[in-house]
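Below is one structure, written out as structure tokens; the observations come after it.
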Amino acid sequence: MADPAIAALARWPNVPHVYGWLSLDRRGQWRLQGSPITNPHITEFIGRNYASDEHGAWFFQNGPQRVYVKLDYTPWILRIGEQQMLTTHTGQAIQAASAALLDESGNLLIAFERGISLVEDHDLPALLDALHDPAGKTAGEEALVFVMSRERVPLTLDWQALHLPLAPVRSSDIPARFGFIADPQPAPDPK
1 MADPAIAALA RWPNVPHVYG WLSLDRRGQW RLQGSPITNP HITEFIGRNY
51 ASDEHGAWFF QNGPQRVYVK LDYTPWILRI GEQQMLTTHT GQAIQAASAA
101 LLDESGNLLI AFERGISLVE DHDLPALLDA LHDPAGKTAG EEALVFVMSR
151 ERVPLTLDWQ ALHLPLAPVR SSDIPARFGF IADPQPAPDP K
């Protein structure tokens, strides 16, 4: 989080949180009540002040106000950036990854040092082409269908320095498995 946001929190600690206004779609685009935010200065500002709380709810710290983010799938979206590096929707290159997962719809997810990420659909074909069988051959469609149906097939994602075994996963299991809340809500009023 940027220093000005931290300073604003100290100065105004009791500003109410905001829910239901800001979301992150599957392409890594911020949306305000469903409409895309296209101003690069605003998206960069949101990205610099994007974090999660102790419960796994993701938010944007807007000065003293915390704006919770509804996630269309995962808290991070990965893209192929400069020099073929995998980068987050906030522009940070990933440093280390621990798992590659394929869900029942064919979405590729990668667990990395900040959490779980969805590979943006524009870059999905290139990364699917980087899935190899034990002989080093590119995985065919049949092998991917087996993984999508929860079968363990010995495939590895080989991209740059990443060499990750591919495992099946159900999309409904992702939030609990990776400890995040997809649609944060305010706490009930304790009346």
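Under UniProt numbering, the residue at position 33 of the sequence shown is numbered 33, and the numbers go up by one with no gaps.
Just so it is clear, CB atoms sit at the ideal spot from N, CA and C, and this is done for glycine as well.
Since this is a predicted model, take the numbers as computed values, not measurements.
Asked, Found
"Identify which residue in Ala93, Pro190 and Tyr73 has its Cα closest to the Cα of Glu82.", "Ala93"
"Report the partner residues of Thr88 according to the DSSP bridge assignment.", "Leu78"
"Just to confirm my understanding: we take Met148, look at its own chain, exclude 5 residues before and 5 after, and list those with CB closer than 8 Å. What are they?", "Leu102, Asp103, Glu104, Ser105, Gly106 and Pro168"
"Does DSSP classify Ala126 as helix, strand or coil?", "helix"
"Please name the residue in Asp25, Phe112 and Ala100 whose C-alpha comes closest to that of Arg170.", "Ala100"
"My guess is that Ile80 and Leu86 are in contact by the Cβ rule of under 8 Å, so how many angstroms apart are they, rounded?", "6 Å"
"Can you check whether the CB of Ser52 is closer than 8 Å to the CB of Pro36?", "no"
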